[in-house]
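Enquirer: So the sequences go chain by chain: C and X.
Under the numbering used here, the letters of the first sequence match residues 462 to 863, in that order.
Under the numbering used here, the letters of the second sequence match residues 462 to 863, in that order.
Glycine included, C-beta positions come from ideal geometry on N, C-alpha and C.
These figures come from a predicted structure and were not determined experimentally.
Protein chains: 2
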Amino acid sequence: MSTSARRVAAELDASDPLAPYRDRFLPADDVVAYLDGNSLGRTPRATAERLASFVTDEWARRLIRGWDEGWLDLPVDVGDELGAAVLGAAAGQTLVADSTTVNLFKVLHAACGLRPGRDEIVASAADFPTDRYVVEQVAAQRSMTVRWLQPDLVENVTPDVLGEVLGERTAVVSLSHVDYRSSALLDLPALTEQIHDSGALAVWDLCHSAGVVPTNLDEAGVDLAVGCTYKFLNAGPGAPAFLYVAREHLATADQPIMGWFSAADLFEMADAYRAATDVRRMLSGTPNVLGIVAVQCGVQLVAEAGIDAVRAKSTRLTSYLIDLLDEAGATVLSPRAADRRGSHVSIQVPDAAEAGRRLVEAGVIPDVRRPDLLRLGLSPLSTSFAEVLDGFDVLRSVVLPS
Amino acid sequence: MSTSARRVAAELDASDPLAPYRDRFLPADDVVAYLDGNSLGRTPRATAERLASFVTDEWARRLIRGWDEGWLDLPVDVGDELGAAVLGAAAGQTLVADSTTVNLFKVLHAACGLRPGRDEIVASAADFPTDRYVVEQVAAQRSMTVRWLQPDLVENVTPDVLGEVLGERTAVVSLSHVDYRSSALLDLPALTEQIHDSGALAVWDLCHSAGVVPTNLDEAGVDLAVGCTYKFLNAGPGAPAFLYVAREHLATADQPIMGWFSAADLFEMADAYRAATDVRRMLSGTPNVLGIVAVQCGVQLVAEAGIDAVRAKSTRLTSYLIDLLDEAGATVLSPRAADRRGSHVSIQVPDAAEAGRRLVEAGVIPDVRRPDLLRLGLSPLSTSFAEVLDGFDVLRSVVLPS
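#1: Does the distance from the CB of S500/X to the CB of I525/C come in under 8 Å?
#2: Taking all protein chains shown into account, do 16 or more other C-beta atoms lie within 10 angstroms of the C-beta of S807/X, making it buried, or fewer, making it exposed?
#3: Strictly below 8 Å CB to CB, what residues from chain X border V859/C?
#4: Based on the DSSP output, what are the partners of P505/X in its beta bridges?
#5: So, does the region 760 to 768 of chain C touch the region 592 to 605 of chain C, judging by three or more C-beta pairs under 8 Å?
#6: Whose C-beta lies closer than 8 Å to the C-beta of G553/X among residues of the same chain, with five residues either side of it excluded?
#7: Can you tell me which of the three DSSP states G527/C falls into?
#8: I'd like to know whether the C-beta atoms of A686/C and T561/C end up nearer to each other than 8 Å.
#9: In the region 546 to 616 of chain C, which residue ranges form an unbroken alpha helix (DSSP H) of at least 4 residues, counting only runs that do not cross its ends?
#10: Can you find a C-beta in chain C that's less than 8 Å from the C-beta of V607/X?
#11: DSSP has L646/C in a bridge; who is on the other side?
#12: Flag R797/C as yes when its Cβ comes closer than 7 Å to any non-hydrogen atom of the ligand MN, and as no otherwise.
#13: Looking only at its own chain, which residues have a Cβ that is under 7 Å from the Cβ of R801/C, when we skip the five neighbours before and after it?
#14: Would you check if the distance between the CB atom of V634/X and the CB atom of A663/X is smaller than 8 Å?
#15: Pull out every residue of the region 711 to 722 of chain C whose Cβ sits closer than 7 Å to any Cβ of chain X, in chain order.
#16: So, helix, strand or coil for G720/C, using DSSP?
#17: Relative to chain X, which residues along the region 490 to 518 of chain C have a C-beta separation below 8 Å, given in chain order?
#18: Just checking: is the beta-carbon of N864/C within a distance shorter than 8 Å of some beta-carbon in chain X?
#19: Does any residue of chain X have a CB that is nearer than 8 Å to the CB of I768/C?
#20: What residue range is occupied by the uninterrupted beta strand (DSSP E) comprising G688/C?
#21: Can you check whether the CB of F722/C is closer than 8 Å to the CB of T747/C?
#22: Kindly indicate which three-state DSSP category A712/X falls into: helix, strand or coil?
#23: Determine the extent of the alpha helix (DSSP H) in which A847/X is found, giving its start and end residues.
#24: V683/C: which of L548/C, E625/C, G574/C sits nearest, CA to CA?
#25: Whose C-alpha, out of A572/C, A814/C, P698/C, is nearest the C-alpha of T504/C?
#26: Which of the three DSSP states is assigned to L782/X in this structure?
#27: Which residues in the same chain have their Cβ closer than 6 Å to the Cβ of D851/C, if we skip the five residues on either side of it in sequence?
#28: Would you check if the region 841 to 850 of chain C and the region 822 to 832 of chain C touch, i.e. whether three or more CB-CB distances between them fall below 8 Å?
#29: Taking CB distances under 8 Å as the criterion, tell me whether D538/X reaches chain C.
#30: Among residues of its own chain, excluding the 5 on either side of A823/X, which ones have a beta-carbon nearer than 6 Å to its beta-carbon?
#31: Given that a residue counts as buried once 16 or more other Cβ atoms are within 10 Å of its Cβ, and exposed if not, what is T591/C?
#32: Taking Cβ positions only, does Q761/X come closer than 8 Å to chain C?
#33: Let me make sure I understand the geometry here. Which of R818/X, D477/X, F486/X, E472/X has the alpha-carbon closest to that of V771/X?
#34: Once the 5 residues before and after R630/X are set aside, which same chain residues still bring their CB inside 6 Å of it?
#35: Assuming D541/X is part of the alpha helix (DSSP H), what are its boundary residues?
#36: Kindly give me the distance between the Cβ atoms of V706/X and V539/X, rounded to whole angstroms, as I take these residues to be in contact under 8 Å.
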């Protein structure tokens with residue numbers, strides 16, 4: 462790589478207000494560039510310390526007393542922190558628990574139940590597999606029909622595409638905020654408004670935007686949402702996911718996996734089930750405390766940096782990488798307009814699996830989506846411009862046609 | 462307490478082959494006696510070390526590569542370890558993931574689906590709330606009826622009680638191996654056989670027996686089972702639960718929360734969902750790796766000690782405590798026959814909440830079940846006879862009538 466390119470990267474890093482956050486993460490082995498923060502975020506140092514102290518000082522020392530000393534409220538408390546820092550959600554609407562799949566299952570059932578008499582779910586055929594599977598099974602379980610949108614991968618779901626299927630039969634529209642392949646960022650406020658105009662409810666999957674794109678759920682009037690915490694929220698592999706239920710639906714959203722943690726009084730243990738009247742009604746079994754503690758650490762890091770500053774760096778990082786890729790003649794799939802994409806950049810290659818293997822051997826870790834996509838995830842708190850350049854340098858030499 | 466009572470306790474500890482395991486746990490604050498291992502097990506030292514090394518050496522250093530280096534197989538691998546050490550289950554039938562509530566939801570749906578044409582679920586009105594809630598909702602979701610057993614709390618579900626409702630309409634019988642209140646241990650092999658004779662499937666909740674009573678699931682021919690790991694398996698608050706599907710049902714058990722982790726090829730991401738043909742078909746979303754690692758540590762401790770040795774000490778501990786309680790005139794609810802109870806002893810008191818508060822103030826931690834039950838959980842790997850005596854001593858002075 463040329464000296465001038467190096468200088469540009471160094472200047473970008475020097476003027477990056479989030480640059481100090483790089484030191485807040487633990488080091489990795491043999492990594493020239495980690496370009497997969499969109500699959501698994503790096504490990505905050507604070508998380509390592511907090512988990513160790515949780516195990517020895519809270520679990521070991523307090524034992525069962527810990528439940529009364531804060532653990533019982535953790536799903537809601539960390540949900541509130543996440544809501545405030547990341548989702549634009551006022552307190553009392555967000556929970557951290559279970560997996561995204563389980564949460565989507567609950568949330569879709571709840572949404573359909575809120576629109577009795579309507580028998581269609583609208584979803585995108587381009588959506589992430591788990592989302593499509595859950596949409597299909599919820600529809601089957603409720604004797605409803607799925608209307609599949611077939612959007613262009615890059616343009617993705619636009620008001621025009623959605624308008625073709627929305628109607629009086631639409632109960633719920635389930636969409637992903639950022640496309641997992643192309644990185645297309647959907648117009649959440651406009652689509653939510655369009656969905657409401659048809660009388661349907663809007664369910665959003667925020668997996669690829671949570672922690673890196675502001676979502677402003679309250680302002681947009683989103684009805685229900687889910688998302689994961691192990692990508693840009695850096696909460697660790699398979700960390701508990703979140704769900705959001707707008708205040709107006711809290712008293713009436715019924716989900717299908719009722720357990721003791723969703724009951725109005727956890728320890729009443731009565732014969733008849735009475736659902737909690739707050740967001741806890743979306744819980745099921747005992748929440749994983751250790752996992753939620755890790756989520757809290759990740760959320761607090763984003764809260765400290767500020768989601769707007771994170772988003773600003775994200776667009777700078779992806780724009781910078783796209784410019785490099787363009788110059789090198791790569792086939793960039795992701796949208797060119799910065800305000801239309803999330804925090805990863807996808808390129809098409811002939812054999813993504815093989816390209817991925819070669820990159821990892823050379824110390825550059827991308828994400829592979831068979832058959833022909835490499836996703837390059839840029840995580841604003843832990844990725845520097847110099848790292849992007851280093852990664853690109855290797856990519857150009859081992860993957861791109863010379 | 463008298464010197465001779467002290468001497469007896471010391472002798473019992475001296476001849477206890479599991480006594481050295483006490484040192485394998487981290488210390489607690491202000492605890493004279495921890496009698497709540499049936500709610501939350503103590504913290505193994507190995508778990509604290511393993512979690513710390515997982516965070517810094519696996520998550521931080523290996524990042525996304527960790528999934529290919531073992532994490533993907535963890536739900537099955539740790540399930541297999543649990544199956545071998547605790548459940549009497551050959552490999553390939555047990556998973557560690559999600560919560561007990563979510564797992565029971567999946568397993569009950571799967572079981573009902575395996576008995577089409579039968580429209581009744583049999584369950585016990587004395588069962589733990591989450592179990593009853595899930596039974597009710599699964600029945601409602603499948604347009605089935607619940608036949609509630611109304612057993613005596615101590616005798617619990619006997620072949621006679623069960624025989625009254627079993628019939629040609631019974632699809633599934635859902636029972637708990639050990640009663641959460643009385644500690645009654647059900648005759649799992651005999652009841653399972655009786656259930657099979659009626660043509661129904663047996664689903665067992667092992668929450669209060671896993672890790673302390675051998676279950677021998679394969680030998681007994683149990684069809685499906687679930688259980689938790691935060692009690693006698695010492696995996697931490699809200700740690701991932703387990704589920705078991707007998708080999709004969711593996712190809713046909715269909716659960717309702719299909720996600721990418723239950724698909725035949727996780728990374729195929731095809732349009733149509735194809736379920737895995739092995740026990741992974743019961744998974745849903747991304748499993749919580751950190752939580753499963755903690756389960757593995759807890760399981761390995763029981764494996765090392767041996768489940769039969771654990772059970773032997775458990776019955777010695779509960780018999781010892783019952784003798785003390787009897788002498789003091791306490792109202793013991795739990796069965797007198799050691800082979801008919803689990804590892805906690807329940808006593809009735811006028812106001813359990815108030816008694817619990819007084820005990821905790823005095824450093825003895827029991828479990829309270831409103832309105833009138835104190836559960837005294839004895840965890841064979843971490844509880845000594847001297848600790849039981851210390852706890853009893855306080856109990857007698859602050860709770861029992863003089």
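Expert: In brief:
#1: yes
#2: buried
#3: Near V859/C there are no residues of chain X at all, since even the closest Cβ is about 17 Å away, more than 8 Å.
#4: F486/X
#5: no
#6: V537, D541, R708, L711, D739, V740
#7: helix
#8: no
#9: 561 to 574, 590 to 602
#10: no
#11: V639/C
#12: Among the components of this structure there are no ligands whatsoever, and the ligand MN is therefore not found.
#13: A645, L646
#14: yes
#15: P717, I718, M719, G720, W721
#16: coil
#17: D490, V492, Y495, D497, S500, L501, R503, T504, T508, A509, L512, A513, V516, T517
#18: Missing from the structure shown is residue 864/C; chain C here goes from 462 to 863 and no further.
#19: no
#20: 685 to 688
#21: yes
#22: coil
#23: 846 to 859
#24: L548/C
#25: P698/C
#26: helix
#27: V493, A494
#28: no
#29: no
#30: V855, V859
#31: buried
#32: no
#33: D477/X
#34: R579, D580, E581
#35: 535 to 543
#36: Actually they do not touch by this definition, with Cβ atoms about 16 Å apart.
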